[in-house]
Amino acid sequence: MARTSRKQGKAADRLKPPAVEAGLYVRLSDEDNGGRSADGIDNQLEFLLEFVKQLEKMKVVETYMDNGQTGTDFERPGWERMMEDAKCGRINCIIVKDLSRFARNYLEAGDYLEIIFPFLGIRFIAVNDRFDSAGEIFPPKELITEFKNLANDYYSKDISNKIMSAFRVKKEQGQFIGGKAPYGYRLKDNHYVIDEAAAEVVRRIFEMKADGISAYKIARILNQEGVPSPSRYAGEQGVKKYKDCSHILWQPEAVSRILYNRAYAGDLVQGKYNCSIYSREKQGKKEEDAWEVIENAHPAIIDRDAFQKIQEIREKNRKVWKDRQGRPGYGNVLEGILVCGICHHAMWRNKEVENGNVRYYFYCGSAYGHSQVKCNTSSIVDHRIFDMVLKQIKLQIDLAVEADSLLERMKKSDCQLAAYRMKKKEAEQARDELQRYVYLKTSIYEDMKQGILTKDEYLTAKGRYTKKISELETELKIKQAELDHFKQCMSGENRWLKAFLNFQDAKELTRDMAVSLLEKVEVYEDKRIHIRFRFRNEYEYLMNQLAERGGDCGREISG
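Note that the working numbering has the sequence shown beginning at 9, numbered continuously upward.
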């Protein structure tokens, strides 16, 4: 048998394209989901598999699907999983039926095609658009791709406008365009019809409120009687979204939403938010006078006069609540920060007047019984909490002042300059080594094409370099973080230090101080508090640096 020389073998290898490990990506949008068009998931996948069969040296590693996902952004489960596989080197080629399955956002699509894919070494093929980033299967082209992406972007915006226009017509006709009717109603041909079983509960809620019973007590009564909450009721009626909601109880908020919803007086209220189907984002809530309201659009569960009476009670209660929150200049500075240490429910503040004397106190909201967790955290006068919190903040401020003083001394120390130079050198060495291996990895492909390396040698070297690059990337990230932290520490830009020094002249606890310095304050039944300060990581790093290097400067920090 004739012997083939190594040189001839290498020349033959040069004529064969390198192995392509492909990922097939298919997507179906919200508008097309469930349809049997040519762009259906199954049809897309069958089309791509037939295409791949015609190509030598192309192996399908994985198929990635996004069913019912928009193409206007890349926050899609299938896409994100595919990009993770691309980053770790599992696939080196992505194939789609056409560019519209890939994306409909011109700017972000351009970033992937021109920056991200080339950086990751990913070949991209759009079959129907005859686009191949490697220029092997289809002739190279650039501008036409960009123009088609722009057309897809325009198409999505145009479709969004058309759908919104159709929705607007439906709303003007008194049709509901949402997905779920309010509790007490069900949907029939896009209109509300009364669900008598739930409507009976709604009527009872309004009656109890008219008798002066609070939303908290109404929720407690309904729970005690075992009346299913709206979510639980929906699950019992077969709504899949709520099938696991059997444990959900009535909440005061749910009662309030029913009491103040105009739908129960027969009015259809829509258009509360500015939104776009194209971007899929709500763009802020509209002012109430800008809502789209059609009066007497459907049968009312509550008489309009009775409904209006409840709204008057609401307005009166609002004024009482506002008065209880404190006189002008004496607001609750710990609102949203102070919680019960047992059940983690927000601590509420109330006003008490006794013999003409006014005092404010905090109490745990779970005492009202709408929480499944009960605790024994008793009420506590607000100024006691404020005083304890302020005392702990001042201790942190004193520590910050001492740390700042030591930092100033360390900045002038030769040992700190030497430490900075060492960390900078280590980061530069890691970066240089990473760049060297990235260059080696890119060059071995050319070596294989020129016959210097065999295919097996190329794959072995590629795997080795890929592993080394991953290790060096991790090392560089650690070294750079250490250098950045050190520079931040020595420059006095530490966020913990800066935040607490900003309040070193404070005499009392203010809202600005609480929001800037406190993450959470927990109160326990024995009146003990536990404070979680903000910037804990920056604090710990700074203390470690001062402990390690403070001694070299002839001083150590206390605390």
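Glycine residues also receive a C-beta, built at the ideal position from the N, C-alpha and C atoms. Keep in mind it's a predicted model, so treat the numbers as computed, not measured.
| query | result |
| --- | --- |
| Residue from Asp137, Asn136, Ser141 with nearest C-alpha to Tyr120 | Ser141 |
| Test item: CB-CB of Val301 and Asp275 under 7 angstroms | yes |
| Per-residue burial, Thr78 [other beta carbons within 10 Å of its own, 16 or more giving buried] | buried |
| Local Cβ density within 10 Å of Met355, reported as buried at 16 or more and exposed below that | buried |
| Rounded separation between Arg35 and Asn136 - CA only | 15 angstroms |
| Sufficient close CB pairs (3 or more, under 8 angstroms) joining the region 257-264 to the region 218-230 | yes |
| Start-to-end residues for the beta strand (DSSP E) that takes in Leu32 | 28-36 |
| DSSP state of Tyr286 mapped onto helix, strand, coil | Note that Tyr286 scores 45 on pLDDT, short of 50, meaning its location in the model is unreliable; the coordinates nonetheless yield the value given after this. It is coil, neither helix nor strand. |
| Closest residue to Ala308 among Leu554, Gln400, Lys476, Arg270 (Cα-Cα distance) | Arg270 |
| Neighbour-count burial assignment, Val28, 16 or more Cβ in a 10 Å radius | buried |
| C-alpha distance - Lys449 paired with Arg472, whole-angstrom precision | 9 angstroms |
| Whole-Å CB distance - Ile130 paired with Cys101, under 8 angstroms assumed | 7 angstroms |
| Own chain residues within Cβ distance below 8 angstroms of Leu525, not counting five before or after | Ile401, Gln404, Ala507, Phe508, Phe511, Phe541, Arg542 |
| Limits of the unbroken beta strand (DSSP E) element including Lys105 | Taken as a continuous stretch (DSSP letters only), Lys105 belongs to no beta strand (DSSP E), as it is neither H nor E. |
| Close Cβ partners of Asn231 (< 7 angstroms) along its chain, the five nearest in sequence each way excluded | Leu257, Trp258 |
| Alpha-carbon to alpha-carbon, Val523 and Glu343 | 9 angstroms |
| Buried or exposed by the 16-neighbour rule on C-beta atoms within 10 Å, applied to Met430 | exposed |
| Close-in-space but distant-in-sequence residues of the same chain around Leu346 (CB under 6 angstroms, 5 per side omitted) | Met355, Val529 |
| Assigned secondary structure, Tyr532 (DSSP; H/G/I helix, E/B strand, else coil) | coil |
| Extent of the continuous alpha helix (DSSP H) to which Tyr224 belongs | 223-232 |
| DSSP state of Glu64 mapped onto helix, strand, coil | coil |
| For Asp412, the three-state DSSP class (helix, strand or coil) | helix |
| The region 304-321 contacting the region 207-219, beta-carbon criterion three pairs below 8 angstroms | yes |
| Cβ pair Val397, Leu517 closer than 7 angstroms | yes |
| Three-state class that DSSP yields for Ile202 in the structure shown | strand |
| Given 8 angstroms, three or more beta-carbon pairs between the region 315-330 and the region 210-222 | yes |
| Straight-line Cα distance separating Cys348 from Asp520 | 22 angstroms |
| CB-CB length for Val104 against Tyr33, believed under 8 angstroms | 5 angstroms |
| Element boundaries [alpha helix (DSSP H), containing Ala262] | 260-267 |
| Where Leu23 sits in the DSSP three-state scheme | Low local confidence applies: a pLDDT of 39 at Leu23 is under 50, so the model's placement there is unreliable, with the coordinate-based value given in what follows. Three-state DSSP puts Leu23 in a helix. |
| Beta carbon of Glu483 nearer than 7 angstroms to that of Ala426 | no |
| Beta-bridge pairing of Cys372 - partner residues as DSSP gives them | Met355 |
| Cα-Cα separation between Tyr428 and Phe394, rounded to whole angstroms | 42 angstroms |
| Exposed unless 16 or more other CB atoms sit within 10 angstroms - verdict on Gly42 | Summary for Gly42: the model assigns pLDDT 43, below 50, so the residue's position carries little reliability, and this model does not support an answer. |
| Residues bridged to Cys253 [DSSP beta-bridge criterion] | DSSP lists no partner for Cys253. |
| Rounded separation between Val68 and Gln443 - CA only | 31 angstroms |
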